[in-house]
Amino acid sequence: MTESEMKKPALGWRLPFSIRIEPRIDNPPKWFSPMLSVIAVVFALLIGALVIWLGGGDPWAAYSHIARYSFGSVGVLSDTMVKAIPLMLVGLACSIAFRMKLWNIGAEGQFFLGVFGASLVVLLPVLPEDAPQWLFIITMIISGMLFGALWGFIPGFLKARYNVNEIISTLMMNYIAIEWNNYFIYAVWSEGGFQMSRMFQRNAWLPRLSDLGTTMPFFRGLTTHMGLLFALIAAVVLWWILAKSQWGYEIRLIGDNPRAAEYAGISIKKNIIFVMLLSGALAGLAGMSEITGVVHRLQGAISPGYGFTGIIIAWLAKLNPLAVILASILFGALILAGREVQPSGIPTLIQGVIMVALIASDYFLRNRVTIVRRVEE
Amino acid sequence: MDQVNSTNGYKNVVSMRGIIKRFPGVLANDQVDFDLRQGEVHALLGENGAGKSTLMNVLAGLYRAEGGTTMVHGQVVNFGSPREAIEAGIGMVHQHFMLVPSQSVTENVLLGLDEPRFRMNLSRYNRKIEEIAQQYGLHVDPAARIWQLTVGEQQRVEILKMLYRGADVLIMDEPTAVLAPSEIEELFKTLRSMTVQGKSIVFISHKLHEVMDISDRVTVLQKGKVTSAGIETKDITRADLARLMVGRDVVFRVEKKAVDAGDVVLSVEDLKADNDKGLPALNGVSLEVRQGEIVGLAGVAGNGQSELAETLAGLRLALEGRITVNSQDATNKPVKLGIRQGISLIPADRTQVGTAPNLSVTDNVIMKNYDQEPIGQGWIVNSLEAIKYASELKEAYDIIVPNIDTSVRLLSGGNLQKVILAREISSEPRLMIAVQPTRGLDVGAIEGVQKLLLAQREAGAAILLISEELEELLSLSDRIYVIYEGEIMGEVVDGDIDKIGQMMTGTRLEQIEAQGVA
Chain R
47 MTESEMKKPA
57 LGWRLPFSIR
67 IEPRIDNPPK
77 WFSPMLSVIA
87 VVFALLIGAL
97 VIWLGGGDPW
107 AAYSHIARYS
117 FGSVGVLSDT
127 MVKAIPLMLV
137 GLACSIAFRM
147 KLWNIGAEGQ
157 FFLGVFGASL
167 VVLLPVLPED
177 APQWLFIITM
187 IISGMLFGAL
197 WGFIPGFLKA
207 RYNVNEIIST
217 LMMNYIAIEW
227 NNYFIYAVWS
237 EGGFQMSRMF
247 QRNAWLPRLS
257 DLGTTMPFFR
267 GLTTHMGLLF
277 ALIAAVVLWW
287 ILAKSQWGYE
297 IRLIGDNPRA
307 AEYAGISIKK
317 NIIFVMLLSG
327 ALAGLAGMSE
337 ITGVVHRLQG
347 AISPGYGFTG
357 IIIAWLAKLN
367 PLAVILASIL
377 FGALILAGRE
387 VQPSGIPTLI
397 QGVIMVALIA
407 SDYFLRNRVT
417 IVRRVEE
Chain V
654 MDQVNSTNGY
664 KNVVSMRGII
674 KRFPGVLAND
684 QVDFDLRQGE
694 VHALLGENGA
704 GKSTLMNVLA
714 GLYRAEGGTT
724 MVHGQVVNFG
734 SPREAIEAGI
744 GMVHQHFMLV
754 PSQSVTENVL
764 LGLDEPRFRM
774 NLSRYNRKIE
784 EIAQQYGLHV
794 DPAARIWQLT
804 VGEQQRVEIL
814 KMLYRGADVL
824 IMDEPTAVLA
834 PSEIEELFKT
844 LRSMTVQGKS
854 IVFISHKLHE
864 VMDISDRVTV
874 LQKGKVTSAG
884 IETKDITRAD
894 LARLMVGRDV
904 VFRVEKKAVD
914 AGDVVLSVED
924 LKADNDKGLP
934 ALNGVSLEVR
944 QGEIVGLAGV
954 AGNGQSELAE
964 TLAGLRLALE
974 GRITVNSQDA
984 TNKPVKLGIR
994 QGISLIPADR
1004 TQVGTAPNLS
1014 VTDNVIMKNY
1024 DQEPIGQGWI
1034 VNSLEAIKYA
1044 SELKEAYDII
1054 VPNIDTSVRL
1064 LSGGNLQKVI
1074 LAREISSEPR
1084 LMIAVQPTRG
1094 LDVGAIEGVQ
1104 KLLLAQREAG
1114 AAILLISEEL
1124 EELLSLSDRI
1134 YVIYEGEIMG
1144 EVVDGDIDKI
1154 GQMMTGTRLE
1164 QIEAQGVA
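First to last, the protein sequences are chains R and V.
Mind the numbering: the first sequence is residues 47 to 423 in the numbering used here, read in order.
Mind the numbering: the second sequence is residues 654 to 1171 in the numbering used here, read in order.
Right, dumping it as structure tokens:
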């Protein structure tokens, strides 16, 4: 009998195995990290199911309803995609910054500035009302990305020059951005006393699939817009930058060990500014595509917190740009589900649980858990 | 058992006999005896790693000795924690302060005590602490917050903490290392006033002149053994102490081919730079390194070596002076330019500076040539070339790792150093600055690293070897400079260990030679 057993009297029964946790001494297999993301989602869905069940609902019915109304037909799938587009772009914006351990939580504000930049083209106006659609699209992309980038540049510059904590500055600049837009919504471009601008003319809209409906009936009524193309291109480009380019290597090196990067002669300050510019530009593009692809007028409540959801998406995708696409579609479905499921808090709850589960799951990347069968002593 | 009162009438407050303490691979204390008399300042002298701090950590309850006995006030003790030690009146002030920056002096002093229990009643304790401070001449405002204090004042807070807890034996672990000269004077005054009031002090140091200044007696440790126990400071000269501290036979010599030194590659003139705290670290360093020679830089840690290496590599701002590499000005030039010019640096800190722990071996070896042909092509990193390069280095330098995609965080110290050496050497540097390249490695790995350095010397590189291991310096270097408090004390060509020892503790070569003639 050992000493510990003397101190702790037997519980009467013992598990036939024990669980041992030890630090990993080798890299986990490649599939391990994505699997943790999947487990986090499943775990969150189970918790959601539990809450629905406790509330007297039928979790199975609720989830199958969500699935049906998110993925069940081409029409709802298209709606899911519409929700996923801004998420993809802000998810990418967060991913690139987080790769360098630059905690840009200001994608929301950069999104709003992108909205503003795009609206400016129509409402100032920068272009004559009857300018061709392609010119509108290009100008709005440039303007939207530029304003988003500006909103990323300010905290980036402050961080590089004065070492201002970017978490605080990006967070606070979100509120400035919202009020900035409100000023224009309420005071400058308000139409007939309503708190919104006039509707953009059709040639300032992004093309939608339904526009093809006249020739191809299959696309009739589908609201998925050209922003999807932007998001997919952006994801591929960003993946290429991170995986293949010298700049991506610098970002990864700084993210992992800034002192080593400095020692290798890489300028951290310069990269902080460039990454914040790119991050802001991507979030700005998200805002641009939302306003010109979905809303078509400058108004309040454009974003149900896309910028913040982008943070969760970036983590769920493990900061991999291509995985951001999948994570965004899932979250697009969850946002749609908020419309379908009552109480609508459940999807938000699921998002939250995913985030917590993801952060917790990092533990398993660092530690190995083994189950040891208890042998007869 | 020892008597409390030793024969010559002194009262021993602490006596340690036959202390043995092992760490993996090292015998840190080998049968060490140590006595501390009441009211004395007893200096504990020795090089880095001689076992001074280990011995005192045993006394202060941080480590448990594996052998030997410790007596405090005549009682045999075996402390299990610093708390038990302080209850017996033994307090240690560590090199790195353990203070809460946002809290006041009083709050820091009271931290962890049973009293006050619930209501802090700070003003009362402020007064109490003020009294103790007055008594020993420790000038510090009890209401001030730690972050507002200078390093010297923070040290006083640490001393106050110990005095408040009733310590009558105070162990100061290299207390002057962080202080400015005026603060050192202040500290010495305090120490003297404490001994007058009956406190006993252990003063750990490797700076000879301070030891001569402050201590009544001195015990010298070398490689875990006592080389001289409790000699009266007034009976010994600095030169003797230096010899006791470093004097030893060189145990092994590596095979070194004769190489004729060529052109001057690195020339440093009157270089001045500050350390991270903004205090002067280099006070006019001048030296030269030629092609095909290894030049050693000896010195006790913290005398400006790391700052010199960083300044040479362009990582630290040179305030004054000139650095010339290959007869081109290299003072305050971008790091990348230095790398292109063939300056390579093996940093002292392998994990914090030398590598990116979560990146793969491949990503770590291309750190300095990711933007150079053939790996860097236009905007991209050619991953095929990178993998090829990493595989070649893995083979050539015998880096033991399952595959080159492994994160370097999982590598052993020796293999990690191989990754760094592979990277630095494969760039075919003209100037190589190696800082502590063998620290913490096992014997086999040390030999490997030393062979690589010698091969570089034969290949015609100029190597500046910065090390605290005298043996290593003596066996590898063609010449040795000695640095002390940011100044070069002199240069030794014949490996005269006595001279090096004296210079390491602050005597200039000219002074030594003058003494020699006299």
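From the three backbone atoms N, C-alpha and C, an ideal C-beta is built for every residue, glycine too.
Residue from the options with nearest C-alpha to residue i
i, options, result
"I1073(V)", "R1083(V), T1059(V), P1055(V) and V1102(V)", "V1102(V)"
"Y115(R)", "S256(R), R414(R), I396(R) and E386(R)", "E386(R)"
"R818(V)", "L764(V), R675(V), H859(V) and A882(V)", "L764(V)"
"G1067(V)", "R1092(V), N1056(V) and A1049(V)", "R1092(V)"
"E212(R)", "E225(R), V84(R), L404(R) and G198(R)", "G198(R)"
"G991(V)", "E1077(V), V912(V) and L924(V)", "E1077(V)"
"A95(R)", "L395(R), F410(R), T269(R) and G339(R)", "L395(R)"
"I188(R)", "F276(R), T216(R) and V418(R)", "F276(R)"
"V917(V)", "L1084(V), Y1023(V), A696(V) and N1017(V)", "L1084(V)"
"L712(V)", "G692(V), N682(V), K1071(V) and T1008(V)", "N682(V)"
"S1079(V)", "T1008(V), A962(V), M865(V) and A1049(V)", "A1049(V)"
"L630(V)", "A914(V), D888(V) and V879(V)", "Limits of chain V in this structure are 654 at one end and 1171 at the other, which puts residue 630(V) out of reach."
"L1172(V)", "E1124(V), T886(V), D982(V) and L1162(V)", "The question about residue 1172(V) has no answer here: the residues shown for chain V are numbered 654 through 1171."
"V694(V)", "N774(V), F841(V), V679(V) and V1034(V)", "F841(V)"
"T84(R)", "F410(R), L411(R), L404(R) and T416(R)", "Reading the sequence as shown, one finds Val at residue 84(R) and not Thr. Ranking F410(R), L411(R), L404(R) and T416(R) by Cα distance to V84(R) puts L404(R) first."
Cβ neighbours of residue i in the same chain (closer than 7 Å, five flanking residues each side left out)
i, result
"L970(V)", "A926 and N985"
"F203(R)", "I319"
"E783(V)", "P795"
"G702(V)", "none"
Own chain residues within Cβ distance below 8 Å of residue i, not counting five before or after
i, result
"S1172(V)", "There is no way to answer for residue 1172(V), as the model of chain V reaches only from 654 to 1171."
"T48(R)", "The predicted model places T48(R) with a pLDDT of 39, which falls under 50 and marks its position as unreliable, so this point remains unresolved."
"P1000(V)", "A962, V1006, G1007, I1073 and V1088"
Contact under 8 Å by Cβ, residue i with residue j
i, j, result
"R331(R)", "L169(R)", "Sequence inspection shows Leu at residue 331(R); the Arg mentioned does not correspond to that position. Going by C-beta atoms, L331(R) is not nearer than 8 Å to L169(R)."
"L255(R)", "F246(R)", "no"
"G937(V)", "S846(V)", "no"
"V1187(V)", "A966(V)", "The question about residue 1187(V) has no answer, for chain V in this structure spans 654 to 1171."
"N413(R)", "E68(R)", "yes"
"I947(V)", "I1116(V)", "yes"
"M191(R)", "A327(R)", "yes"
"V666(V)", "S853(V)", "yes"
"K860(V)", "G1154(V)", "no"
"L950(V)", "Q958(V)", "yes"
"V399(R)", "F89(R)", "yes"
"P105(R)", "I112(R)", "no"
"A786(V)", "L813(V)", "yes"
"A329(R)", "G353(R)", "yes"
"N249(R)", "Q179(R)", "yes"
"C140(R)", "I357(R)", "yes"
"N73(R)", "L1063(V)", "yes"
"G1148(V)", "P1082(V)", "no"
Bridge partners - residue i, DSSP secondary structure assignment
i, result
"D869(V)", "Looking at the DSSP assignment, D869(V) forms no beta bridge with any residue, so it has no partner."
"G744(V)", "L823(V)"
"F63(R)", "R419(R)"
"I884(V)", "V871(V)"
"G765(V)", "None, per the DSSP bridge assignment."
"M669(V)", "F687(V) and T723(V)"
Residues near residue i by beta carbon distance below 6 Å, same chain, minus five either side
i, result
"E836(V)", "G805"
"R670(V)", "D686, G721 and T722"
"T964(V)", "A926 and A971"
"V903(V)", "Residue confidence is low: V903(V) scores 43 on pLDDT, short of 50, so the model does not pin down where it sits. Its coordinate-derived value is still stated next. Within the same chain, V903(V) has close Cβ partners E1124 and L1127."
message: Does the structure place the region 151-164 of chain R close enough to the region 289-303 of chain R that three or more beta carbon pairs sit under 8 Å?
response: no
query: For the 8 Å Cβ check, are there 3 or more pairs between the region 117-133 of chain R and the region 374-381 of chain R?
result: yes
query: Quick one: any contact between the region 1138-1145 of chain V and the region 868-881 of chain V, if contact means 3 or more CB pairs under 8 Å?
result: no
- prompt: Does the region 142-154 of chain R come close enough to the region 289-309 of chain R to have 3 or more Cβ pairs within less than 8 Å?
  reply: yes
- prompt: With a cut-off of 8 Å, do at least 3 Cβ pairs link the region 736-753 of chain V to the region 820-830 of chain V?
  reply: yes
message: Any contact between the region 1008-1019 of chain V and the region 1047-1059 of chain V? By contact I mean 3 or more CB pairs, one from each, below 8 Å.
response: yes
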